[in-house]
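Remember, our numbering sits 6 above the position in the sequence shown when you count from 1.
Here the structure comes first, spelled out in structure tokens, and everything after it is commentary.
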Amino acid sequence: MSRLHLRFVVFVCLGLIVLVALPHKTVLRIFWPIHYRGILSLEAEAHHLDPLVLAAVVKVESSYNPNATSNKGAMGLMQIMPDTGTWIAQQMAIPNWQKEQLYNPELNIRMGAWYLSYLLLMFEGELTRALAAYNCGASNVRRWVNNGTWDGSLNNYQQIPFPETRNYVFNVMRTYHWYQWLYSSPQWRN
7 MSRLHLRFVV FVCLGLIVLV ALPHKTVLRI FWPIHYRGIL SLEAEAHHLD PLVLAAVVKV
67 ESSYNPNATS NKGAMGLMQI MPDTGTWIAQ QMAIPNWQKE QLYNPELNIR MGAWYLSYLL
127 LMFEGELTRA LAAYNCGASN VRRWVNNGTW DGSLNNYQQI PFPETRNYVF NVMRTYHWYQ
187 WLYSSPQWRN
């Protein structure tokens with residue numbers, strides 16, 4: 007056995023020992039980390055949101071890539087469309103607004119948290135409806151609920167007419183529930 011092969015075997019064995027010795031959730035957190043915890047916590051508190059909801063949105067939207075750009079033109083961690091970003095910047099009175107600022111993680115999360123909070127107010131705290139609106143627009147969600155196409159509940163998310171929005175709502179809620187279990191400690195920021 008070569009020295010390189012022996013080192014590899016020792017490395018793998020030590021890795022397995024460490025994984026077995028660590029608590030279960032600690033190991034899983036290695037593979038499902040939450041990035042930008044400080045910013046997420048700060049903005050969640052400022053906008054009366056669960057920080058794990060924001061983390062789930064960021065994970066699904068951009069997988070924590072601050073330079074993410076969708077094929078439709080959404081930008082940054084929370085994948086905000088430039089027109090929506092301009093409107094949010096006006097509502098938040100952000101001076102000297104330029105769409106490139108959506109690639110700034112702190113500003114993107116602040117704007118995305120504000121917008122999600124706004125949508126939650128619009129939909130009377132119904133997270134599933136707010137998430138659908140975050141993805142496809144509030145007018146679509148209002149129309150679906152008003153005409154009975156979708157009852158607005160997570161249980162009936164399959165009724166959402168847009169496949170992208172249906173998948174988005176499912177993925178954010180699945181990630182949120184996973185994060186709730188995995189980061190159940192009050193010190194989730196650690």
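We put the beta carbon where it would ideally sit given N, CA and C, even for glycine.
For clarity, every value in this text was computed on a predicted model and none was experimentally measured.
Unbroken alpha helix (DSSP H) run spanning residue i, endpoints
i: MET179; result: 169 to 188
i: PRO88; result: 88 to 98
i: HIS41; result: Here HIS41 belongs to no alpha helix (DSSP H), and DSSP marks it neither H nor E.
i: ILE166; result: ILE166 -> no alpha helix (DSSP H), and no H or E assigned at all.
i: TRP120; result: 111 to 128
i: THR134; result: 133 to 142
i: LEU58; result: 57 to 68
Proximity of residue i and residue j at Cβ, strictly below 8 Å
i: LEU133; j: PRO111; result: no
i: ILE36; j: ALA61; result: no
i: ASN162; j: VAL66; result: no
i: PRO72; j: TYR109; result: yes
i: GLN85; j: ALA99; result: no
i: VAL151; j: ALA139; result: no
i: THR155; j: PRO167; result: yes
i: ALA119; j: GLU49; result: yes
i: TYR42; j: VAL63; result: no
Alpha-carbon spacing of residue i relative to residue j, whole angstroms
i: LEU46; j: ASP56; result: 9 Å
i: LEU58; j: VAL15; result: 38 Å
i: ASN77; j: ARG9; result: 48 Å
i: PHE17; j: SER68; result: 33 Å
i: PRO88; j: THR32; result: 38 Å
i: ASN196; j: LEU188; result: Caution is warranted here: a pLDDT of 46 is assigned to ASN196, below 50, making its placement in the model unreliable, and no coordinate value can be reported.
i: HIS183; j: LEU137; result: 14 Å
i: HIS54; j: ASN153; result: 30 Å
i: ARG149; j: HIS30; result: 44 Å
i: GLY44; j: TYR185; result: 16 Å
i: ASP157; j: ASN102; result: 40 Å
i: SER190; j: SER123; result: 22 Å
Contact with chain D by residue i, beta-carbon distance below 8 Å
i: PRO57; result: You won't find chain D in this structure, because it holds only one protein chain.
Reference residue i; option with closest CA among the options
i: PRO169; options: HIS54, SER190, VAL63, ASN141; result: ASN141
i: ALA52; options: ARG172, GLY143, ILE115, LEU160; result: ILE115
i: MET117; options: TRP93, GLY131, GLU130; result: TRP93
i: ARG135; options: VAL64, VAL175, THR75; result: VAL175
i: GLU106; options: ALA80, GLU130, TYR182, PHE129; result: ALA80
i: THR90; options: ALA144, GLN164, TYR42; result: ALA144
i: TRP38; options: TYR70, PHE129, GLY44; result: TYR70
Bridge partner(s) assigned by DSSP for residue i
i: MET81; result: THR75, ILE86
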